[in-house]
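K.L.:
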Amino acid sequence: MSMMNKFPSTLLEKAVGEISRLPGIGRKTALRLALHILRQDMETADALANAIVNLRHEVKYCKVCHNISDGDICEVCSDTRRDSTVICVVENVQDVMAIENTQQFNGLYHVLGGIISPMDGIGPADLTIDSLVERVRNGEVKEVILALSSTMEGDTTNFYISRRLADCDVAVTVIARGISVGNELEYTDEVTLGRSIVNRTPMK
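Each residue of the sequence shown is one higher than the one before, counting from 8 in my numbering.
(1) Could you round the C-beta distance between E107 and G121 to whole angstroms and report it? I think they count as a contact, below 8 Å.
(2) Give me the residue from A41, D127 and R34 with the minimum Cα distance to L19.
(3) Looking only at its chain, what residues have a beta carbon closer than 7 Å to the beta carbon of R207, apart from the 5 residues adjacent to it on each side?
(4) Report yes if the C-beta distance between C95 and V143 is below 8 Å; otherwise report no.
(5) When you compare only the Cα positions, how much space is there between L200 and G161?
(6) Within a Cβ cutoff of 7 Å, which residues of the same chain sit near C69, ignoring the five residues on either side of it in sequence?
(7) Beta-carbon within less than 6 Å of T135's beta-carbon, same chain only, minus the 5 sequence neighbours each way: which residues are those?
(8) Quick check on V188: buried or exposed, where buried means 16 or more other Cβ atoms within 10 Å of its Cβ?
(9) Nearest-angstrom Cα distance between D5 and N61?
(10) Identify, in the order they occur along the chain, each residue of the same chain with its Cβ nearer than 8 Å to the Cβ of G146, setting aside the five sequence neighbours on each side.
(11) Going by DSSP, what residue range makes up the beta strand (DSSP E) through D137?
(12) Could you give the C-beta distance for A54 and I44, rounded to a whole number, given that I count them as a contact under 8 Å?
(13) What first and last residue would you give for the beta strand (DSSP E) that runs through G114?
(14) Can you check which of these residues, P125, V23, P15 and G31, is closest to A37 by C-alpha distance?
(15) What are the start and end residues of the beta strand (DSSP E) that includes S156?
And the structure:
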């Protein structure tokens, strides 16, 4: 019987079990991580544990754009230096971070929380599309940039949102296709992503 099946400590076994539930982490990697934590001083281990607990208990979602935030309104939405007439629609928080790293966009964001994917059981009602439409209708928005992945699901979501905004007095644009089909924004290099935003085109 291998050590992966028989642990010398039930506490270690429980820790490995929890760590291995993280995406992309198998039991062997989880064991290495757990043993690494055991080798650290208590202060370092406590700092890691507290950071995880605080992340889950304290982090909120912005009431305006649904980005991750320490408060009710995120730093981007509360920054008066940002251009509030432009909203960039993205799939997830990682995409906000990717676009911010390009330093090519100074507007606001709207995080959908996914894209329309019938195969995965995700429909428009599962996303934050309604609140996006409400933001556009009730605010000073002049342009909505659709910055979703260039996949069939991304294109479907782009089309649906553009239809929902058709009766609003707002320009709907899409990022330039400098990003190859099937790629996700968070894995695209900053220069390419930045150019795709600067060179955006009207939604057809």
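The beta-carbon is built from N, C-alpha and C at its ideal position, and this holds for glycine as well.
Since we're looking at a predicted model, the values are computed, not measured.
P.N.:
Based on what the coordinates show:
(1) Not confirmed; about 20 Å, so no contact.
(2) Of the candidates A41, D127 and R34, A41 places its Cα closest to the Cα of L19.
(3) Taken in chain order, the residues that qualify are I152, T180, V181, I182 and A183.
(4) When the beta-carbon positions are compared, C95 and V143 stay at least 8 Å from each other.
(5) The C-alpha of L200 lies about 16 Å from the C-alpha of G161.
(6) In its chain, beyond the 5 residues on either side, S76, I80, C81 and C84 have a beta carbon closer than 7 Å to the beta carbon of C69.
(7) If we look at T135 and ignore the five residues flanking it on each side, its Cβ neighbours are H73, L119 and G120.
(8) Any reading at V188 must be qualified, since the residue scores a pLDDT of 37, below 50, and its modelled position is unreliable; the value itself is stated next. Exposed.
(9) With the chain running from 8 to 211 in the structure shown, residue 5 is simply not present.
(10) Closer than 8 Å at the Cβ level, and outside the excluded window around G146, lie S91.
(11) In the DSSP assignment, D137 falls outside any beta strand (DSSP E) and within the unbroken alpha helix (DSSP H) covering I136 to N145.
(12) Going by Cβ atoms, the distance from A54 to I44 rounds to 11 Å, so no, they are not a contact pair.
(13) Note, G114: beta strand (DSSP E), G114 to V118.
(14) Checking every option, the nearest Cα to that of A37 belongs to V23.
(15) Boundaries cannot be given for S156, as no beta strand (DSSP E) includes it and DSSP labels it neither H nor E.
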